[in-house]
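Undergrad: Let me begin by handing over the structure; questions about it come next.
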Amino acid sequence: MAIETSFISLLFVVLISVSGAASNDGDFRGAVFGVNSKFSGKERSLSLFKAHDNLRHLQILASGVDLPLGGTGRPDAVGLYYAKIGIGTPPKEYYVQVDTGSDIMWINCIQCRECPKRGYHGLELTLYDPEDSFTGKLVTCSQDFCAEINGGAVTGCKANASCLYTETYGDGSYSIGYFVMDVVQYDSVSGDLETKLANGSVIFGCGARQSGNLGSSEDALDGILGFGKSNSSIISQLASSGKVKKMFAHCLDGDNGGGIFAIGHVVQPKVNSTPLIPDQPHYAANLMGIEVGKQFLNISTNTNGSGDKRRTIIDSGTTLAYLPDAIYKPLVNEIVIAQPDLKLHTLHDQYTCFEFSRSVDDGFPPVTFYFENSLSLKVYPHDYLFAFEDYLCFGWQNNGMDSLSSSDTLVLGDLVLSNKLVLYDLENQTIGWTEYNCSSSIKLRDEITGSVHLIGGSGLASSSPRHVANLPRPPLIPSESAARFLQGFSSGELRMDYRMPDNDVEGIDYMADEVDILDFVMDDDEINGDEARFADDNEMVTDTSSAQARRGKDIQGIPWERLNITRESYRQTRLEQYRNYENIPLSGDAVDKKCKQKQKGGNYYEFFHNTRIVKPTILHFQLRNLVWANSKHDVYLMSNYSIMHWSSLSYNLTEILNFSGHVAPTEKHAGSLLEGFTQTQISTLSVKDDFLVAGGFQGELACKRLDKQGVSFCTRTTYDDNAITNAVEIYDSLSGGKHFMASNNDGGVREYDMERFQLMNHFRFPWPVNHSSLSPDRKLIAVVGDHLDALVVDSTNGKTVGSVEGHLDYSFASAWHPDGRIFATGNQDKTCRVWDLRNLSNPVSVLKGNMGAVRSVRFSSNGQFLVVAEPADFVHVYDTNLNYEKRQEIDFFGEISGVSLSPDDESLYIGVWDRTYASLLQYNKRHNYGYLDSFV
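Using mature numbering (1 follows the signal peptide of the UniProt record, and there is no 0), the letters of the sequence shown map in sequence onto residues -23 to -1, 1 to 913.
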């Protein structure tokens, strides 16, 4: 199993054409990069936002705008969004900040000794080396680009000499480098909600030297991707071929995070515009008036009131809104007039705050900005007010300008731009916006063909339509097209979103970028208070009980009745459009032609409860063994960096282990790493009785006794680069003790004694082992991995005693029937195959899934049922007593983090990962006395 990274987040679609750019068909009509934003998923923090803006403004906005906001202006704090892009041939991955306030794209290069090796939240950074790329070329000082950057011919330019650049920052730090040209990879838009791999040549800066302490910053990234106005920006370069309109747009979903960032001609929605102020380094327009409620403010720039325009910078990288003192004070005063008893406080010498317990939208007026050409921009109280400590504070900030020469400038950031589609038209030198549901889709015109393409709020598949027009925004949940994205960014768009919370960032690094499940927005007044529960972060969530489901409520709480598509229609669309990830091309298609699905109609487990306070997550898109039930009411699962325990009996959610920091053993055992681990990325999990084992991306193993505090044992199975722990299984040994078996990407299967935590056996295989399971009599091991065949090996010496052929791709799941003769394997060819040791030449049954790979298989403890989980949407329960010919199909929407039967087979738990509808589904076994409905 390859270890590769990708991002999930707010959609960034680039509809462009570049002469000489390579693509799958010689032309490209769209490009996509994955972008994250700094603050997604975090509680709105005024101090955090202000700190970001302080660091940004001195560098990015200081040119021609004397904003005395402080800060260093260093590149590690420039942008609100960052992206991962591919550069070079063969491509390597780089993390860059996407910014409308910067012009030059630059990347730290191999000559830079001071450049950081790790950046934001431990992201591993890469130094670009032109000599490692077949397509990398130096830009000489005699080329037109260099002359334009320097404002004319370079003095003293010699033949073949490099074109140099210097960037100096507000704290005196600087970056020096040279320009190169190389290929940048993206996904091109090839049709309605479709993409394909493409690339284009771009000139960018190669950072060779940095001064100061730039290399020590925890927020550092590989460089900057500039979308500024100059001809050196990436948008200008990509448009220079004449095949694309020099336009781009963004629509930021302020309620949920996410939205759309697109280059191209937006034809829907229609956007009114206002002229950009000419000869300005930033995107600025003339403000004509400000209305607070129904009262207009005097915004004159002169004491005699003759100045009727204010220069206003529209900056997507600023979080708040910065107003001159002459506007800030009357604006705040007019807002608070509506509440005469309000007492204002100044916190930390900079925030104007007050106490207020009622609805802010009912208690305070909206603020409307009016620009030339009758373009208006309305900001609502819930956007401009922030909770801070025990107060509400204004997001409006006083920039402290007093001089008449500069007091006409405002800077409007994300506070006023969210939930609006903002269009930058550099061809006509205008900027415009309209209020819009950033969760929905927009339409862009393909300038090559003239056709119009539908672009969704997030998540397009590679060469696959994804969403229906006007559907609410899908959530940021990866699915199975990882390879296209991971191998050249061909399975999604350039996605943008706020940076994930501290404990979420690493959780997305190894996921595919595609999304497929609806992410619906439910208004607070439409939530039944009796059904609501509150998570630790006070986010309202709504559970669904069996009684509510019987009365017609969707088991996941999705409000289909308020959508413009039925559940049945969306299910059919998803079945038609879902793209399964395959290591062997067309393996799933071959299965579709040869295999038929088993008969539906079984009804073995019935829906009992959907718990939304539980938030399962997935770290690697191919590893889905992250949910375990060790009793009917006790479930253990991964949620970001934490292993959580959920009791369906007491409705308590408890953190068992947190791997975001330092984890070290509290017991001493031979071979244990007493220093422990830091920020461990948990890829797999196993729980049985009172024992828990977690496996990590670097071969880590952490063992815990659930009846004791702390961690009992920590070790690294290997220090090989290809060390990821793919699966762990705990079992009772023949002697009565507990053992566990770990399957690793280095081709090893290792057996450990859990009493003394000693390595008992280590078997090696010629390919990565994705899963292994021990037979009930403890004599045989089923081994599956990056190979078409599955092996049956002797548990004492690891020698192969049999193999099975038939799968068309790699397998990631295995399980034994309690009788010890039957075992099952789950494969990326979309089948689970059941085998009998007495005749391994042919499978007992081939069980075909609906959409994707079989990621998990479980036999019930009595052997009556086989549970088979796809990567998303479907779990199948087969009746073994009917020769697997009849199945129950459990149908929902979302990525599956894991499935688990309780030891007594009474409960079936399914972890669903989704940003909006993440939950734990509980199904209970049907009995003849099933009229009893507990907890209802």
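For glycine and all other residues, C-beta sits at the position ideal for the given N, C-alpha and C. These numbers were taken from a predicted model, which means no experiment stands behind them.
1) Can you find the residues in the same chain that come closer than 6 angstroms, C-beta to C-beta, to K756, ignoring five residues on each side of it along the sequence?
2) Which residue wins for smallest C-alpha separation from L736, given the options T692, I701, N747, D326?
3) For P317, count neighbouring C-beta atoms within 10 Å of its own C-beta (all shown protein chains included) and say buried if the count is 16 or more, exposed if not.
4) Check Q686 in the structure and name its three-state DSSP category.
5) Grab the span of the beta strand (DSSP E) containing A704 for me, first residue to last.
6) Based on the DSSP secondary-structure assignment, which residues constitute the bridge partners of I590?
7) Taking its Cβ as the centre, do 16 or more other Cβ atoms sit within 10 Å of S780, making it buried, or is it exposed?
8) Rounded to whole angstroms, what's the CA-CA distance from I799 to V811? Just pull it up for me.
9) Using a 10 Å radius around the Cβ and a threshold of 16 neighbouring Cβ atoms, would you call N376 buried or exposed?
10) Assuming Y787 contacts N560 (C-beta within less than 8 angstroms), just tell me the rounded distance between them.
11) Three or more C-beta pairs closer than 8 angstroms, one from the stretch 884 to 896 and one from the stretch 530 to 550: is that the case here?
12) Using only CA atoms, which one of N580, E847, T857 lies nearest to I873?
13) Could you give the residue range of the alpha helix (DSSP H) that holds E311?
14) To the nearest angstrom, report how far apart H325 and F365 are at their CA atoms.
15) Could you tell me if T893 is buried or exposed, where buried requires 16 or more neighbouring beta carbons within 10 angstroms of its beta carbon?
16) Terminal residues of the continuous alpha helix (DSSP H) containing G534?
17) Note down the Cα distance separating V131 from A216, rounded to an integer number of angstroms.
18) Which residue from D566, L600, K592, D402 puts its Cα closest to that of P252?
19) How about S608: is its Cβ closer than 7 angstroms to a heavy atom in the ligand ZN?
20) Apply the 10 Å Cβ neighbour rule to G184 and answer buried if 16 or more other Cβ atoms are within range, or exposed otherwise.
21) Quickly, what does DSSP pair I291 with across the bridge? List them, please.
22) Suppose you measure from the CA of P743 to the CA of A671; what does that come to, to the nearest Å?
23) Count the other CB atoms, across all protein chains shown, that sit within 10 Å of the CB of G713; report buried if there are 16 or more and exposed otherwise.
24) Just grab the DSSP bridge partners of residue 915 for me.
25) What do you get for H259, buried or exposed, if any count of 16 or more other CB atoms within 10 angstroms of its CB means buried?
26) Identify the residues that DSSP records as bridge partners of P880: which are they?
27) Less than 7 angstroms between C-beta atoms, sequence neighbours within five positions excluded: which residues of the same chain meet that for R682?
28) Please classify E706 as buried or exposed, where buried requires at least 16 other C-beta atoms within 10 Å of its C-beta.
29) For N137, which residues of its own chain have a beta-carbon under 7 angstroms away from its beta-carbon, when the five flanking residues on both sides are left out?
30) Please list, in chain order, all residues of the same chain as D80 whose beta carbon is under 6 angstroms from its beta carbon, the five residues on each side excluded.
31) Which stretch, first to last residue, makes up the beta strand (DSSP E) that contains R422?
32) Would DSSP call C92 helix, strand or coil?
33) CB Y361 to CB V344, shorter than 8 angstroms?
34) Which one or two residues does DSSP pair with V157 in a beta bridge?
35) DSSP three-state call for T857: helix, strand or coil?
TA: From the atom records:
1) Stepping through the sequence shown from its first residue, residue 756 is reached at position 779. S772, listed in sequence order.
2) Working through the sequence shown from its first residue, we reach residue 736 at position 759. Nearest of T692, I701, N747, D326 to L736, Cα basis: T692.
3) For the purposes of this step, residue 317 is taken as residue 340 along the sequence shown, with counting starting at 1. It counts as exposed.
4) Working through the sequence shown from its first residue, we reach residue 686 at position 709. In this structure, Q686 counts as coil in the three-state DSSP scheme.
5) Here residue 704 is taken as the residue at index 727 of the sequence shown, counted from 1. Its beta strand (DSSP E) spans residues 702 to 709.
6) The residue labelled residue 590 in the question sits at position 613 within the sequence shown. Bridge partners of I590: none, in fact.
7) The sequence position of residue 780 within the sequence shown is 803, counting from 1. That one is exposed.
8) Within the sequence shown, residue 799 is the residue found at index 822, counting from 1. Within the sequence shown, residue 811 is the residue found at index 834, counting from 1. Their Cα atoms are separated by approximately 7 angstroms.
9) By 1-based counting over the sequence shown, the position of residue 376 is 399. N376 should be labelled buried.
10) The count along the sequence shown starts at 1 and reaches residue 787 at position 810. The count along the sequence shown starts at 1 and reaches residue 560 at position 583. Yes, Y787 and N560 are in contact; Cβ-Cβ is about 5 angstroms, under 8 angstroms.
11) yes
12) Along the sequence shown, read from residue 1 onward, the residue named residue 873 stands at position 896. The option with the nearest alpha carbon to I873 is E847.
13) On the sequence shown, residue 311 is found 334 positions in, with the first residue counted as 1. Segment 302 to 313, the alpha helix (DSSP H) holding E311.
14) Within the sequence shown, the letter at position 348 stands for residue 325. Within the sequence shown, the letter at position 388 stands for residue 365. Each residue's alpha carbon lies about 11 angstroms from the other.
15) Against the sequence shown, residue 893 aligns to sequence position 916. That one is buried.
16) Here residue 534 corresponds to residue number 557 of the sequence shown, with the count starting at 1. That residue, G534, is in no alpha helix (DSSP H); it is neither H nor E in DSSP.
17) Working through the sequence shown from its first residue, we reach residue 131 at position 154. Working through the sequence shown from its first residue, we reach residue 216 at position 239. Going by the C-alpha atoms only, they are around 25 angstroms apart.
18) The sequence position of residue 252 within the sequence shown is 275, counting from 1. Closest by alpha carbon: D402.
19) Among the components modelled here there is no ligand, and therefore nothing to report on the ligand ZN.
20) Walking along the sequence shown from the start, residue 184 turns up at place 207. Classification of G184: buried, given that the 10 Å Cβ count is 16 or more.
21) Here residue 291 refers to the residue found at position 314 of the sequence shown. In the DSSP output, where bridge partners are listed per residue, I291 has L389.
22) If you number the sequence shown from 1, residue 743 lands on position 766. If you number the sequence shown from 1, residue 671 lands on position 694. Their Cα atoms are separated by approximately 24 angstroms.
23) Locating residue 713 in the sequence shown gives position 736, counting from the first residue. So G713 ends up on the exposed side.
24) Summary: the structure shown does not reach residue 915, with the chain confined to residues -23 through 913, and so no result is reported for it.
25) Along the sequence shown, read from residue 1 onward, the residue named residue 259 stands at position 282. Classification of H259: buried, given that the 10 Å Cβ count is 16 or more.
26) One-based indexing of the sequence shown puts residue 880 at position 903. BP columns for P880 are empty, so no partner.
27) Looking up residue 682 in the sequence shown gives position 705. Here the set comprises D667, F668, S689.
28) Along the sequence shown, read from residue 1 onward, the residue named residue 706 stands at position 729. Flag for E706 reads buried.
29) As a working mapping, residue 137 is identified with position 160 in the sequence shown. Taken in chain order, the residues that qualify are T117.
30) Locating residue 80 in the sequence shown gives position 103, counting from the first residue. Result list for D80: G203, G205, S207, S209, S210, in chain order.
31) The sequence position of residue 422 within the sequence shown is 445, counting from 1. Its beta strand (DSSP E) spans residues 419 to 422.
32) Walking along the sequence shown from the start, residue 92 turns up at place 115. Reduced to three states, the DSSP call for C92 is coil.
33) For this step, residue 361 is matched to residue 384 along the sequence shown. For this step, residue 344 is matched to residue 367 along the sequence shown. In contact: Y361 and V344 (Cβ atoms closer than 8 angstroms).
34) Residue numbering aside, residue 157 sits at position 180 when the sequence shown is read from its first letter. According to DSSP, which records beta bridges pairwise, V157 is partnered with L115, F181.
35) What you label residue 857 is simply residue 880 of the sequence shown in a count that begins at 1. Residue state, collapsed to three classes: helix.
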